[in-house]
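Report on the structure given below.
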Amino acid sequence: MTGLTVALTNIIEQIKQAQQPVNIKGGGSKQFLGNDLGHLQPLAVQALNGVVRYEPTELVLQVQAGTPVQDVIELLDTEGQMLAFEPPVFDGQATIGGMVAAGISGSRRPYSGAVRDYILGVDIVTGLGEHLSFGGQVIKNVAGYDVSRLLAGSMGCLGVITEVSFKVLPKPEFEQTQAIELDRSVALQQMFSLARSSTVTACAFYNNQLYIRFSGMLSSVQAEAAEFGGETVGAGFWHSIDNLTLFKAAKNLWRISVAPNSPHFVDEAVLIDWGGAQRWLLDPGFDPREKLTQNGHAVLVWGSQTEDKFQPIEGVPLTLHKGLKKQFDPDALLNPNKMYQAF
0 MTGLTVALTN IIEQIKQAQQ PVNIKGGGSK QFLGNDLGHL QPLAVQALNG VVRYEPTELV
60 LQVQAGTPVQ DVIELLDTEG QMLAFEPPVF DGQATIGGMV AAGISGSRRP YSGAVRDYIL
120 GVDIVTGLGE HLSFGGQVIK NVAGYDVSRL LAGSMGCLGV ITEVSFKVLP KPEFEQTQAI
180 ELDRSVALQQ MFSLARSSTV TACAFYNNQL YIRFSGMLSS VQAEAAEFGG ETVGAGFWHS
240 IDNLTLFKAA KNLWRISVAP NSPHFVDEAV LIDWGGAQRW LLDPGFDPRE KLTQNGHAVL
300 VWGSQTEDKF QPIEGVPLTL HKGLKKQFDP DALLNPNKMY QAF
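For the sequence shown, position 68 (counting from the first letter as 1) is numbered 67 according to numbering that gives the first Met the number 0, and the numbering increases by one without interruption.
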């Protein structure tokens with residue numbers, strides 16, 4: 000047997016023999032997300048480590064789920080390519096499977112797309128111990144493609160992700176971030192205007208400054224940056240947002256997702272990014288979900304919470320979630336109640 004076959008077989012057997020629910024664990028970098036499952040027996044996937052296939056000319060990467068995201072980023076960088084959704088690496092501990100299961104995208108997300116937009120195929124082991132493959136290695140192969148996308152953000156509730164195929168993209172020739180001091184309302188209007196620029200790949204308002212990242216051909220980026228003005232800052236600013244280190248002092252960190260022009264939490268947000276569509280609240284002293292309409296949602300990224308940390312769901316959406324859980328994991332062995340106590 001190959002190393003992959005042994006590791007995969009071990010996971011399948013552990014699930015088939017499991018008498019109690021398990022907590023799927025890769026690098027452990029995102030255990031703070033969702034409800035705490037630390038009391039459950041861990042099901043480790045780190046042995047599923049390595050690149051299965053990488054074709055730079057075809058922009059296709061196939062990789063095992065336990066592979067560190069940082070290793071993949073470094074590999075792609077040698078070919079001048081990248082994961083366009085700019086995932087966090089969390090001190091190098093984040094794994095590919097956890098990246099997909101959590102569905103977290105970075106600062107480039109509004110301009111390049113989310114994790115699910117670049118997934119070509121996914122292999123999983125269900126709660127019945129079945130090894131299933133969805134999607135393919137090229138975009139034209141759409142068989143099961145929606146199921147592959149469905150697994151992004153599923154938090155391990157539907158299956159143990161064992162392997163993923165991605166579409167990758169060429170890196171921009173040049174990038175430069177500018178920061179300029181602006182009034183909050185003026186900065187938000189500037190965000191909306193810059194959203195139409197083909198060179199803008201990140202946009203945030205923090206500490207009374209508007210941060211804009213320009214990406215593309217050297218001449219175009221320099222021209223846009225000069226027109227925007229302000230001070231040039233390092234790429235570490237975006238890394239601190241994506242990896243949440245900017246918020247490490249917060250006891251309760253809330254992420255709010257709304258339309259870019261939404262009036263919700265404009266004044267309360269410590270940081271507004273994604274061109275206005277994502278707002279971050281630090282220790283607000285209230286539950287933001289109680290003030291949101293149907294046109295947005297809030298997640299308690301970390302902090303003390305007796306109820307579910309995700310935006311509540313009910314009615315048809317809740318029925319669909321329960322139905323999917325029943326199909327993929329009928330005995331509720333895999334990350335039960337990770338997203339909601341209801342399933």
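For every residue, glycine included, the Cβ atom is placed at its ideal position computed from N, Cα and C.
Could you check if residue i is buried or exposed, using at least 16 other CB atoms within 10 Å of its CB as the buried criterion?
i, result
"F165", "buried"
"F285", "exposed"
"G228", "exposed"
"V141", "Note that V141 has pLDDT 41, beneath the 50 cutoff, so the model's placement of it is unreliable and the number below is only indicative. Answer is exposed; the Cβ neighbour count stays below 16."
"F191", "exposed"
"E223", "buried"
"Q326", "exposed"
"S111", "buried"
"R195", "exposed"
"V199", "buried"
"T231", "exposed"
"K337", "buried"
Ordered along the chain, which non-local residues of its own chain (more than five positions away) have a Cβ less than 7 Å from that of residue i?
i, result
"E129", "none"
"N334", "N22, I23, L36, M154, G155, C156"
"V51", "Q61, V62, Q63, E162"
"D241", "E85, P87, G105, S106"
Pick from the options: whose alpha carbon is nearest that of residue i?
i, options, result
"V163", "T94, A268, M190", "T94"
"D116", "F133, R148, G134, R107", "R148"
"L346", "Q40, V199, L32, P169", "Within the shown structure, residues of the chain are numbered from 0 to 342, placing residue 346 beyond reach of any answer."
"Q18", "F133, L32, Q40, W253", "Q40"
"A258", "L74, R278, T244", "R278"
"K247", "G233, L280, N260", "L280"
"F236", "H38, P87, A297", "P87"
"S214", "F204, N206, E313, S197", "S197"
"D145", "Q45, I160, I118", "I118"
"K290", "Q340, S261, E226, G275", "S261"
"G26", "L252, L181, Q69, E12", "Q69"
"Q175", "V114, Y210, H263", "Y210"
So residue i and residue j are supposed to be a Cβ contact under 8 Å. How far apart are they, rounded?
i, j, result
"E82", "V99", "Per the sequence presented here, residue 82 reads as Leu, with Glu not at that position. In fact, because the Cβ distance is near 11 Å, the residues do not count as touching under 8 Å."
"A6", "L47", "5 Å"
"S28", "G105", "Incorrect: roughly 14 Å between the Cβ atoms, too far for contact."
"C202", "D266", "Between D266 and C202 the Cβ distance is about 19 Å, and since that is not below 8 Å, they are no contact."
"N34", "D307", "7 Å"
"Q208", "A249", "The Cβ separation is near 20 Å, so there is no contact."
"H296", "S256", "5 Å"
"A354", "P109", "The structure shown does not extend to residue 354, since the chain spans only 0 to 342, so no value can be given for it."
Report all residues from its chain with a CB closer than 6 Å to the CB of residue i; omit the five preceding and five following residues, and keep chain order.
i, result
"F173", "L217, V220"
"A43", "K24"
"I138", "Note that I138 scores 42 on pLDDT, short of 50, meaning its location in the model is unreliable and no value can be drawn from it."
Quick test of the definition: if touching needs 3 or more C-beta pairs under 8 Å, does the stretch 118-135 touch the stretch 301-309? In short, these stretches do not touch, since the Cβ pair count stays below three.
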